[in-house]
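Protein chains in written order, with the numbering used here: chain A, 1014 to 1411; chain B, 1014 to 1411; chain C, 300 to 697; chain D, 300 to 697. Beta carbons: idealized from backbone N, C-alpha and C, even for Gly. These figures come from a predicted structure and were not determined experimentally.
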């Protein structure tokens, strides 16, 4: 550390002000601005120096982000960076070699290199550890074959974080390794995967004799499951990022409709609306409480609950929106096979809201898996009898 | 059979008319009337002759009951006879010796002898087969020790149907035998069991060196679990007995309140009321459809669903009744420890409705067990991995 | 004070003739209408399968409740409901609801020579028809006012065609109706319109109207905006008789739609159960996990109840009158929710695969949600129940 | 148009002082108020534990929000809410809600010499107080009209006692209030009454009223009908100030009650989880069954949210104003349902034992349901939200 005194909020704000004074956000190229911010250690303040941080307490980051916003800097989190910033970066920090950190973190942060995640497979969804993509050692590299699915951004990504099976003779959790995969490698084929909305938001990725250098392995061979846990935990933690105003979420779809279209109101739907308003407000306050806990250095287990609640509320709000609209809800905009056009969710047609939110309880951990996690890890309820933990992966029923 | 032609509905009605002509229900002693009806084979028409029936199709019984009612006979099913008529009788018919049928069925039917059921134990509720009451052979009889619970009518019963463990070295389902227990035997102690309503509707029954003659065993030793299945199946089947008018059930508690107390109405509770009305009507029609299926000789699996639905609806109706009443719902009638006074359910205070219906999803098979039964037996979903099926009972964790 | 305390004992079963009809329809649909064909077809410009409709008509499905003297099957709405169940189970893209239910029951209720002529054409499958009301119209909606009737021969602004059946029209229609189901492929439109003398129901040859297809949420049931620009029209009913005929059609439609929804729900339940018996996660079939089993058990209970409720509504619709309106409202209030729940559970419990375009579940989800809005939402039907079952809304100051 | 888009960032955590208070209260209650003692006491004629109340008062719990100059703790409703949480967790039969919340906040809002005198007596534990309104009174109820105030000294029909504090009363009260919580053991009554000049809030020595205990659904919170028959009364507020003070008390009561309900819910969840870890059925802990786990996970999510919502209401109540009323309504709407659900799930998942008198669960079930009705049902609070969050009811013709 260059600074002998530990960084506090006031000092952090001062550093940001100093930085912005030197790099006017209105005139500096956005990637250059972010690159300089990374170099100044103001990207992830809790990361070490040289890796975008200052080794300072994580709780300072919201203060820093808020100060950058106040001084006119564009937000770091942008469309296309969610996997890189939220999942790849903390994993590379935790398990990467110095060379890996140096190579990957800066262009990831500036947005010059987009990342995707190659975890799920058609036969390994909730039971991710059952995955079957094979990685076979070949000298200084690994040869990969398999199929991944539910991959957002694969068609735009330069890099992927990837898990593959390196030892099928071990029980499933123990024979997995974790790699960084170059999406431009020969043998990587990305095919759009069309959802029930009509759009192809995700991809299937076919890997055919894809070669990955052993230097692109994260963590030890066979330790991939543990590395992946870090990735997934960060996925869920990122949910409680920022404070949200009342009616700041999906609930606004129906409260605005209710206020502006009195002719749609019915007594029964009023009760449904009020119940959802209460639920949405309860979920919002819970997320706010979690944010305050994190800021106070007392992280609670409520993070895993937030996704569960918002999935349900989003789905119920979208269902109510159609119920309110009646005949207007019977229409759709466009069923043609296409990539998402980047239109904000709230501006899509109600039918899209209804269909798209169905994925909220599936993507990023199903609601069923989250309930099991809460029951076992938070409440300490006993696990189910398991037959798949000590059996060699290759002998598992499937 | 004395009658060479198979009995049809018209002939059955004629027999009833003939019987009633010979035994005027207004002047005949009720027990004598029922005894004669038993002797005439009009008790359970599908039972064999001499056992209260005529060996005729079971579907005729509703016709016969309706004709008796039309001609002024009191109903057979009365308070206190529910276990004898609904559970003991069909089990004795299915597994009893001729001597057992002769001894027990007639006084059971006339109501001269009340029956109770000694199945559940403190450690064996949903997992009834885990029961620990021991029966040890001693010459021509068995010596029983153990504790039973949730026994209604035990304090008034002359006889009990009872299951006990006769071989703890076998897996739990295989070491059970089924007995008829004289409730007046030495060593049978009945203690009232007080419920959350304040009343003692049930009992605990302590068995200390109770001697039961081997001639009072039903079915072979070790076959008790199979015999008990007959008992329990009849418990659930009896639910769909008779046609019920719209709003004939517990829903009337709130529909009447809604109609007669307009000052209690609120918009939100209106929606709740209407949803419950719909659910109650759906459950009623489903029961009616089951009744029609049974009458047409096409029994469906919907019987197991009826108890599940009514438990939920009863509980929600009772909750809504309190919500409607507001301040009036904050009171109760009497918390003193006492036996039920036989007041009809609808005439009890709303707080009693709320508390008593909580038992509907526990007694006679919990809602959880019923869901598992539906999932496995109706939908054919695979059983959970079981560790308790092939282990000797004495070695099971508990 | 209670609503009709002893409803008629309606037949809730399926008789042999109905089971025969079901088997024929199901067999044809299995051959001609697998989901893969449906999915392929709905992305074309001709989502409705007109050829399949002619084959169904050859089996009598196009005119089930039409008297034999008009070339119909001479059956009732009970048989019509059985066909709807099978068509729902296959999400078949045929104009059954618009033509064989809504238009047909409107014409049957209106009666008279003109209606008979049209019914004969529909029953034969020569043409299909549509009832020119928005699909979301609830039975208790006021008579539509968006189309005006003027007596006298078609003027210069109307289509040059005279009615194809050779008989002169008595006047013309002008106006627009949005969200009409099955209009684009219809040959005949049955149009509620108002003239100087009040409401009337009119026959219009469809090609004398302008039909603008709209993109429908339910890919398998196309909607169109229908515009009349002085179209030649022939009255089939006027005054209260027209309002009654329209009301009868909407009540009958709501009743039969419940059976279609039942078919959708049955498909969703059965397909999900089958999938979960074979999908392995964590070394076990997913269907062996208790939480999944209990949800499917609850869904099975709901579907069983939906069957009784839908059957009841179809039987009541045969008799007509206020009881039919109440039973149809009950059916819509209950079965709409059940079908949507079943389809939503199917998506969720299929996991990722159920969220894709290439799996049939989304066709059922869209049909289920669109059906729930069709002919009035569950919420609207609960308000109808409030009126017909004497459960009045609360008086409440805003 | 949306309701207050950016609410104040209220502190939703517990600070160290609050955790200290919690620990002290919990420790005292663990010693002095185990459930077995509660159960025994509530069957006596003195269900309220006056001695325990004095011990709590010695810890400051009787006057948490009372200024130090009056002998109170000089804390806020946030600390009061923490105490409520612990008292709810123990279903402690003490007059906290009636005295330390409702009466105290009414007097604090009224202010003035008479109020201060009474507050000093309450904070010291010398006497407890009750607010003479029916416990079910919602904050937005019109000012009560059942008690009349007349100026002048007590007449011949009044109690011969003059106020114990030696100061002359200014008039008398006549009338009756039903369902008053904590009245029987109160020394002071705070009574809303109307006189010729409009509403007023009056102090009455409790023994100058007639208090008739009624049997309460919640055994641990006794209710009484209170009759005034010319009782000597001293005004603490009149006119709009009286109405405001009563409204503030009811809003504060609703906010703090949510924390009591949170305590009830936490007890129910924790106790059930603990039981299911040790209760074996089918050779496994019941808590290892997935359906049970998922229900408990959902309940944990709800309880986590209830904590945030209750904390928010308590913090908002410190600030007062319309936001406090909305946040209290939100808390009641959410936490009432959560506490009832938690208690109901506790009964169900305990199985038979949870349905007995000898297990504590019923004490919590009764408290939870009574609390849900207290200070307005969830339904009433949703209507308050409709008003305060600009979500007006539908206009609908009956």
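* Asked: Nearest chain D C-beta to residue 1162 (chain B) closer than 8 Å, yes or no?
  -> yes
* Using a Cβ-Cβ distance under 8 Å, would residue 1036 (chain A) count as near chain B? -> no
* Which whole-angstrom value is the C-beta distance of residue 387 (chain D) and residue 644 (chain D), which I expect to be below 8 Å? -> Not confirmed; about 17 Å, so no contact.
* To do: With DSSP as the reference, label residue 474 (chain D) as helix, strand or coil.
  => strand
* With 16 as the cutoff for other CB atoms within 10 Å, does residue 457 (chain D) come out buried or exposed? -> With a pLDDT of 42 at residue 457 (chain D), under the threshold of 50, the modelled position of this residue cannot be trusted, and the question is left open.
* Asked: In or out: residue 417 (chain C) buried (at least 16 other Cβ within 10 Å) or exposed?
  -> buried
* **Integer-rounded CB distance, given that residue 1189 (chain A) should sit under 8 Å from residue 1101 (chain A)** => Incorrect: roughly 17 Å between the Cβ atoms, too far for contact.
* Enumerated in chain order, which unbroken segments of the beta strand (DSSP E) with a length of 3 residues or greater are wholly contained in the stretch 367 to 448 of chain C? -> 428 to 430
* For the stretch 571 to 596 of chain C, which residues have a CB atom closer than 9 Å to at least one CB atom of chain D, in sequence order? -> 588, 589, 590, 591, 592, 593, 594
* Which value, in whole angstroms, describes the spacing of the CA atoms of residue 1025 (chain A) and residue 538 (chain D)? -> 54 Å
* Asked: So which residues of chain E does residue 667 (chain C) contact, with C-beta pairs closer than 7 Å?
  -> The chain labelled as chain E is not found among the protein chains of the depicted structure, namely A, B, C and D.
* Grouping DSSP H, G and I as helix and E and B as strand, with all else coil, what is residue 450 (chain D)? -> strand
* Whose CA, out of D:602, D:404, D:319, D:607, lies closest to the CA of residue 365 (chain D)? -> D:404
* Stretch pair the stretch 339 to 358 of chain D + the stretch 384 to 399 of chain D: three plus CB contacts closer than 8 Å -> yes
* Inter-residue CB distance, residue 553 (chain D) and residue 601 (chain D) (contact presumed, cutoff 8 Å) -> So it is not a contact: roughly 19 Å between Cβ atoms.
* To do: Kindly list the residues whose CB is nearer than 7 Å to the CB of residue 1136 (chain A), restricted to its own chain and excluding five residues on each side of it in sequence; keep chain order.
  => 1143, 1145, 1411
* Report back the beta-carbon spacing between residue 669 (chain D) and residue 520 (chain D) to the nearest angstrom; my notes put them in contact at under 8 Å. => 6 Å
* Please state if the CB of residue 1247 (chain A) and the CB of residue 1323 (chain A) are separated by a distance shorter than 8 Å. => no
* To do: Compute the Euclidean distance between the alpha carbons of residue 460 (chain C) and residue 429 (chain C), then round it to the nearest angstrom.
  => Model confidence at residue 460 (chain C) stands at a pLDDT of 45, short of 50, so the residue's coordinates are unreliable; what they give is reported in the following sentence. Their Cα atoms are separated by approximately 19 Å.
* Relative to chain D, which residues along the stretch 1330 to 1341 of chain A have a C-beta separation below 9 Å, given in chain order? -> none
* **Contact set for residue 1282 (chain B): own chain, Cβ-Cβ below 8 Å, skip 5 residues either direction** => 1333, 1336, 1337
* Asked: What's the C-alpha gap between residue 594 (chain D) and residue 1087 (chain A)?
  -> 43 Å
* Asked: Are residue 1119 (chain B) and residue 1048 (chain B) touching if we call contact CB-CB under 8 Å?
  -> yes
* Go to residue 1151 (chain A), then tell me how far its beta strand (DSSP E) extends in each direction, as first and last residue. => 1147 to 1151
* Which residue's Cα is closest to the Cα of residue 620 (chain C): C:362, C:408, C:310? -> C:408
* **residue 1055 (chain B) (DSSP reduced to helix, strand or coil)** => coil
* Asked: Since residue 1134 (chain B) and residue 1161 (chain B) are thought to touch, with beta carbons under 8 Å apart, how far apart are those beta carbons, to the nearest angstrom?
  -> 6 Å
* Asked: Do residue 1212 (chain B) and residue 1352 (chain B) have their C-beta atoms closer together than 8 Å?
  -> yes
* **Rounded straight-line distance, which links the Cα of residue 1299 (chain A) to that of residue 1313 (chain A)** => 11 Å
* Near-chain A residues of the stretch 1256 to 1286 of chain B - C-beta to any C-beta below 7 Å -> 1280, 1281, 1283, 1284
* Asked: Touching or not, the stretch 1386 to 1398 of chain A and the stretch 1034 to 1050 of chain B, by the rule of three or more beta carbon pairs under 8 Å?
  -> no
* **Partners in chain A for residue 308 (chain D), counting only beta-carbon separations shorter than 8 Å** => 1256, 1301
* **With 16 other Cβ atoms within 10 Å as the buried cut-off, status of residue 512 (chain C)** => exposed
* Apart from the five residues on each side of it in sequence, which residues of its chain come closer than 8 Å, Cβ to Cβ, to residue 378 (chain C)? -> 316, 317, 320, 363, 364, 372
* To do: List the DSSP bridge partners of residue 1208 (chain A).
  => C:655
* Asked: Mind checking if residue 1253 (chain B) is an interface residue toward chain C, Cβ cutoff 8 Å exclusive?
  -> At residue 1253 (chain B) the pLDDT is 45, less than 50, meaning the model places this residue with poor confidence and gives no usable figure here.
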